[in-house]
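S.K.: The sequence shown begins at 0 in numbering that gives the first Met the number 0 and counts up one residue at a time.
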Amino acid sequence: MDQIVSRTKKHEFRSYLIPSTVRRMWLYVSSPRQILKYIAVINRGKSPSEIDLEDGLGADFNAGLQGPSVYAYEIRELYQLRQPIPLAEMQQKYRVTFPQRYIYVPDGMAKDIELEDQTRLF
Numbered sequence: 000m001d002q003i004v005s006r007t008k009k010h011e012f013r014s015y016l017i018p019s020t021v022r023r024m025w026l027y028v029s030s031p032r033q034i035l036k037y038i039a040v041i042n043r044g045k046s047p048s049e050i051d052l053e054d055g056l057g058a059d060f061n062a063g064l065q066g067p068s069v070y071a072y073e074i075r076e077l078y079q080l081r082q083p084i085p086l087a088e089m090q091q092k093y094r095v096t097f098p099q100r101y102i103y104v105p106d107g108m109a110k111d112i113e114l115e116d117q118t119r120l121f
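#1: With burial defined as no fewer than 16 other Cβ atoms inside 10 Å of the residue's Cβ, what is the status of F121: buried or exposed?
#2: Among residues of its own chain, excluding the 5 on either side of A71, which ones have a beta-carbon nearer than 6 Å to its beta-carbon?
#3: In the DSSP output, what is Y78 paired with across the bridge?
#4: For a test of the three-state rule: what should DSSP assign to F60, helix, strand or coil?
#5: What's the gap between the Cα of G63 and the Cα of V104?
#6: How about Q33 and Y78: are their beta carbons less than 7 Å apart?
#7: Under a three-way DSSP split, which group does M124 fall into?
#8: Looking only at DSSP bridge pairs, what is Q102 linked to?
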């Protein structure tokens, strides 16, 4: 996550294609913190050779060297939750557990955590 926050990593790489209707990725920070902390506004998934980076992770992805990752999701905007949500609270309040491949955010969770109320990092 530090690389995303510092903008040295501008894409999130995944081995699966997320539906093109999805515009946000809610990012969970795993052990030892185990909290939901960020919301990223993303573009559609891109295949190797479709991203515009000449060095680092982008070059590796374009060359097919990013391991099992087949899709890159550009992080256009990043928001930090004003009140990050611990895993236990997510499970109890929203019946959501992380990490998972991906899930759709429950309506109640989206209502409680409006993007406009969060801290925009970029």
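Where a beta carbon is used, it is the ideal one built from N, C-alpha and C, also for glycine.
M.R.: So, from the data block:
#1: Here residue 121 is taken as the residue at index 122 of the sequence shown, counted from 1. It is exposed - the Cβ of F121 has fewer than 16 other Cβ atoms within 10 Å.
#2: The count along the sequence shown starts at 1 and reaches residue 71 at position 72. Contacts found: H10, F12, K45, I50 and F60.
#3: As a working note, residue 78 is residue 79 in the sequence shown. DSSP, once it has assigned bridges, lists I38 and R119 as partnering Y78.
#4: Here residue 60 refers to the residue found at position 61 of the sequence shown. Looking at F60 - three-state DSSP - the assignment turns out to be helix.
#5: The residue labelled residue 63 in the question sits at position 64 within the sequence shown. The residue labelled residue 104 in the question sits at position 105 within the sequence shown. Going from the Cα of G63 to the Cα of V104 covers about 31 Å.
#6: Within the sequence shown, residue 33 is the residue found at index 34, counting from 1. Within the sequence shown, residue 78 is the residue found at index 79, counting from 1. No. Outside cutoff.
#7: Since the first residue of the chain shown is 0 and the last is 121, residue 124 is not available in this structure.
#8: By 1-based counting over the sequence shown, the position of residue 102 is 103. The question names Gln, but residue 102 in the sequence shown is Ile. Answer is none; I102 lacks a bridge partner.
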